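These notes concern the structure reproduced below.
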Amino acid sequence: MRIAVIGAGTMGGRYAARIASGEFGADLELAGVADLDLDRAEAVARPTGAPAFDSAEELLESIRPDAVYIATPDAHHRNPALAAAAARIPFLLEKPLATTVADAQAIADAAHAARVVAEVNFSNRWSPPFIAAKQSIDRGELGDFVTLFARLNNSIGSPTERLAWASNTTSAWFLLSHCLDLAYWLHGRRAVSVYASGTRGVLEARGITTYDSIHAIVRYEDGTDGSYESVWVLPDGMPAPVEFTFRYVGSEGAATIDTHQQNVTIATNSRLDYPATLNWAPQRFADFTAAVRGEREPAVPLVDAVENTRILVALHRSLESGAVEPV
Ligand SMILES: NC(=O)c1ccc[n+]([C@@H]2O[C@H](COP(=O)([O-])OP(=O)(O)OC[C@H]3O[C@@H](n4cnc5c(N)ncnc54)[C@H](O)[C@@H]3O)[C@@H](O)[C@H]2O)c1
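The number in our numbering is simply the position in the sequence shown, starting from 1, with 79 added.
Written as structure tokens, this is what we have:
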């Protein structure tokens with residue numbers, strides 16, 4: 080299967096290398112790479128021998144790949160996704176689906192009309208601890224859903240050094256999109272309202288105009304709720320750049336997940352570290368290519384990702400208004 084990559088930044092660069100190396104499947108080939116910045120596309124494509132392009136449309140027309148992985152910045156998913164749908168090429172799009180409900184719906188509608196396999200990369204659904212929790216919930220062991228708490232934080236190097244467009248997004252779009260999707264996957268309830276509060280100042284002092292932290296309480300259709308935290312200014316001296324804890328509480332039991340320690344702690348006289356051990360991206364990608372081949376249904380239907388964008392749009396309205404906002 081010939082896979083192309085659109086957006087040759089951090090994620091696109093990594094995924095292109097993993098497709099080309101065979102890590103994502105021995106039968107996958109990197110067919111081409113596109114980025115508005117041609118130098119970037121070439122830097123990613125050159126070591127693999129794949130062609131580089133400076134637009135998604137040109138790549139799609141020239142090489143007609145079997146599928147594309149799209150990893151453009153959060154607010155720029157619409158154009159490449161609509162181009163893939165128009166060319167009837169299946170796509171795996173990075174999260175969040177879009178940052179407006181209109182864009183999210185336009186992408187979902189275009190994929191539906193073109194009858195192409197289209198998924199959003201809510202990759203944490205493939206994280207082994209979350210799969211174990213989901214299996215326990217589905218077996219009924221935890222009873223009825225009551226409430227949940229999710230914390231997904233980054234050290235400050237994420238918005239200040241690793242992400243060039245941090246001013247054009249928030250930790251809620253970047254991080255809480257994962258948590259809100261996991262919650263929806265685990266309990267299946269639609270959100271009805273959200274209250275959010277955020278703090279600013281540390282990142283603004285560094286010229287990055289976004290929130291330092293965001294807390295949100297989401298109320299679901301049956302009166303249950305969830306509490307969400309994303310902090311983007313933890314010190315770079317933290318043992319790991321990502322801190323992720325999640326607790327699902329049911330009437331008969333609870334699942335508590337902590338992925339940030341990676342099941343291992345390495346301590347020396349000068350440092351404490353959690354080296355990365357959890358690696359679920361290959362299985363996630365394999366399930367996408369299996370859906371493209373018609374061997375399984377898409378694992379993350381776009382309708383789930385539209386729900387995710389609806390909650391996040393209301394969350395950002397609440398951050399501005401200070402009021403509880405309907406979803
Ligand atoms: N699934 C995950 O766990 C995960 C992790 C990190 C980031 N992400 C998501 O991946 C996406 C990309 O993030 P990143 O950190 O790689 O960003 P990045 O800034 O490193 O790379 C984005 C690239 O897209 C290019 N681009 C922008 N618009 C384009 C267009 N219309 N056509 C072609 N190229 C275009 C930019 O020039 C840039 O090179 C974001 O939506 C982000 O939220 C997902």
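All C-beta atoms in this analysis are idealised placements derived from N, C-alpha and C, irrespective of residue type, glycine included. Remember, predicted model here, so these are calculated numbers, not experimental data.
In this structure, the beta-carbon distance from V199 to K174 falls below 7 Å.
Counting along the chain, the unbroken beta strand (DSSP E) around V225 starts and ends at F224 to N233. If only uninterrupted beta strand (DSSP E) runs of at least 3 residues are considered, those enclosed by the region 319-364 are 321-329 and 333-337. The bridge partners DSSP lists for Y307 are A229 and A295. Within the same chain, Cβ atoms closer than 6 Å to the Cβ of R230 are found at E308 and T324, the five residues on either side in sequence being excluded. V180: member of the alpha helix (DSSP H) spanning V180 to A193, first to last residue.
Contact between the region 176-196 and the region 153-162 is present: 3 or more CB-CB pairs across the two stretches fall below 8 Å. Setting aside the 5 residues that flank it on each side, L391 is surrounded in the same chain by P175, T178, A251, W252, L255, S256 and L259, each with a C-beta closer than 8 Å to its C-beta; the list follows chain order.
In the structure shown, the three-state DSSP call for V271 is strand. Under DSSP, R81 takes part in a beta bridge, and its partners are E108.
When the Cα atoms are used, R241 and G88 turn out to be separated by approximately 10 Å. Relative to ligand 1, the nearest heavy atom lies less than 6 Å away from the CB of S202.
Restricted to the region 121-191, the alpha helix (DSSP H) segments that are unbroken, complete and at least 4 residues in length are 135-142 and 157-165, listed in chain order.
At a Cβ-Cβ threshold of 7 Å, V112 and A129 count as neighbours. Sequence-distant Cβ neighbours of F201 in its own chain, meaning closer than 6 Å and more than five residues away, are K174, D260 and V379.
The closest heavy atom of ligand 1 lies 6 Å or more from the beta carbon of E102. Restricting attention to P152, E136, T344 and I186, the CA atom closest to the CA of V385 is found in I186.
In the DSSP annotation of this structure, the continuous segment of the beta strand (DSSP E) that includes V199 starts and ends at A197 to V199. Collapsing the DSSP output to three states places G236 in a helix.
Distance from the C-beta of T151 to the nearest heavy atom of ligand 1 is below 6 Å. F224 is positioned such that its CB atom lies closer than 7 Å to that of G329.
Looking only at I85, T338 and S246, the smallest Cα-Cα distance to E136 is reached by I85. For E240, the Cβ stays outside the 6 Å cut-off from all heavy atoms of ligand 1. Remark: three or more beta-carbon pairs, one from each stretch, lie closer than 8 Å, so the region 386-406 and the region 268-283 are flagged as touching. When DSSP reads this structure, T278 sits in a beta bridge with S292.
The C-alpha of A360 lies about 17 Å from the C-alpha of A211. In this structure, the CA atom of Q341 is about 11 Å from the CA atom of P318. T344 has its alpha-carbon roughly 21 Å from the corresponding atom of N203. As far as DSSP is concerned, E386 takes part in no beta bridge. Around the Cβ of L139, a 10 Å sphere holds 16 or more other Cβ atoms; the residue is buried.
By the neighbour-count definition (other C-beta atoms within 10 Å, threshold 16), L394 is a buried residue.
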